[in-house]
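Asks: For the sequence shown, the tail end lands on 267 under my numbering, and the numbers increase by one without skipping.
Below are the structure tokens for one structure; questions will follow.
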Amino acid sequence: MKPPFPGMDPWLEGHVWPDVHHGLAFVFKEQLVSKVVPKYFVRVETYTVEDTSPEEEVGIMYPDVEILKKQPEPAQMPVSQGTEGIDVLTPVTMIIPRPVIEVNIPVVEIRDRENQQLITAIEILSPVNKRGKGLDKYREKRQLLHEDGVHLLEVDLLRRGQRPLNYPTLPRAAHYFVMLSRGDRYKTEVWAMTIRDKLPVVPIPLKSPDPDVRLDIGAAFNEVYERSRYELSVKYNNEPAPPAFSTEDMQWLQGILKEKKLLS
């Protein structure tokens with residue numbers, strides 16, 4: 004089955020997102036390989052980030068947190084022996100450590116076949132890239148890529164969190180963004196979308212003087228949805244992951260789901 008909406012499906016922004024994320028990375032690669040060979044090659048590389056999520060995030064993004072999380076050993080609190088004139092610490096009932104979750108994030112890389120040089124990186128943003136220390140580290144990474152002259156395409160299909168490029172004039176009504184920072188220019192091209200818009204077809208720059216190639220993000224998303232049969236596992240009777248939509252947008256979403264017989 005095709006996705007129910009023209010563009011992004013907000014019900015996939017919760018715990019299904021890691022599967023969507025990996026699927027998109029590999030379909031992006033499949034789209035690009037035939038367009039860039041033999042001068043370039045395309046790989047999906049993975050890097051690991053530790054996510055110290057706030058408690059309310061854990062249930063949304065990581066339902067199997069007991070499997071995924073690394074629990075640090077709790078420090079043992081020494082208890083004084085009771086003697087006259089010395090207060091004795093009451094032993095704690097329990098210690099609840101803050102979960103540290105290892106998140107594997109795929110990134111699509113286009114490299115020059117001759118010298119293995121990284122030419123273009125395609126980052127599909129994860130929740131950990133948009134909050135706390137993960138956001139700081141991601142901003143450092145994108146700055147290093149720019150300093151090295153690497154083209155960077157950022158695909159942000161998550162409404163939650165802070166945008167790494169928080170430009171003051173970004174359209175506030177937009178739910179999703181795609182941003183292209185060319186390594187040889189000090190400007191960023193932006194595609195802004197609401198929930199009602201199709202996902203864009205965007206240019207992927209290579210080394211000059213080679214022309215850009217095209218990446219169809221909407222076609223890639225549709226392919227991932229159909230391959231994964233998300234309509235069989237996503238519970239459309241539940242609310243989508245936060246933040247909440249406006250009443251008007253929510254009515255529009257529910258109307259489409261009823262039309263597609265995905266909502267009773």
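Backbone N, C-alpha and C define an ideal beta-carbon position, used for all residues, glycine too.
Classify K32 as buried or exposed, calling it buried when 16 or more other Cβ atoms lie within 10 Å of its own Cβ.
Replies: buried
Asks: Between which residues of its own chain and V193 is the CB-CB distance below 6 Å, once the five residues before and five after are set aside?
Replies: M182
Asks: Let me know the secondary structure DSSP gives L92 once reduced to three states.
Replies: coil
Asks: Evaluate contact between the stretch 227-238 and the stretch 12-22, counting only Cβ atoms and requiring at least three cross-stretch pairs below 8 Å.
Replies: Result yes; three or more Cβ-Cβ pairs closer than 8 Å.
Asks: Quick one: Cα of R199 to Cα of P245, how far?
Replies: 17 Å
Asks: Apart from the five residues just before and just after V19, which ones in its own chain have a Cβ nearer than 8 Å to its Cβ?
Replies: Y233, S236, V237
Asks: Since I122 is in the beta strand (DSSP E), which residue starts that stretch and which ends it?
Replies: DSSP places I122 inside the beta strand (DSSP E), whose first and last residues are 121-127.
Asks: Kindly indicate which three-state DSSP category L256 falls into: helix, strand or coil?
Replies: helix
Asks: Label L92 either buried or exposed according to how many other C-beta atoms from any shown protein chain fall within 10 Å of its C-beta, with 16 as the threshold for buried.
Replies: Under this definition L92 is an exposed residue.
Asks: Just the C-alpha distance for T49 and I108, rounded to the nearest angstrom, thanks.
Replies: 5 Å
Asks: P243 by DSSP, collapsed to three states: which one?
Replies: Coil.
Asks: Within 10 Å of its beta-carbon, does I70 have 16 or more other beta-carbons around it, so buried, or fewer, so exposed?
Replies: Reliability fails at I70, whose pLDDT of 37 lies under 50, so the model's placement of it is uncertain and the value that follows must be treated cautiously. I70 should be labelled exposed.
Asks: Taking just the CA atoms, how far does D219 sit from V204?
Replies: 4 Å
Asks: Classify M97 as buried or exposed, calling it buried when 16 or more other Cβ atoms lie within 10 Å of its own Cβ.
Replies: exposed
Asks: Return the first residue and the last residue of the beta strand (DSSP E) that F180 is part of.
Replies: 179-184
Asks: Measuring alpha carbon to alpha carbon, tell me which residue in S267, K133, E262 is nearest N241.
Replies: For the options S267, K133, E262, the alpha carbon positioned closest to that of N241 is the one of S267.
Asks: Would you call I99 buried or exposed, if buried means 16 or more other Cβ atoms sit within 10 Å of its Cβ?
Replies: Label assigned to I99: exposed.
Asks: I need the DSSP call for D67, collapsed to helix, strand or coil.
Replies: With a pLDDT of only 44 at D67, under the threshold of 50, the placement of this residue in the model should not be trusted; the figure read from the coordinates follows. Reduced to three states, the DSSP call for D67 is coil.
Asks: Please confirm if the stretch 201-217 is in contact with the stretch 120-133, defined as three or more CB-CB distances below 8 Å between the two stretches.
Replies: yes
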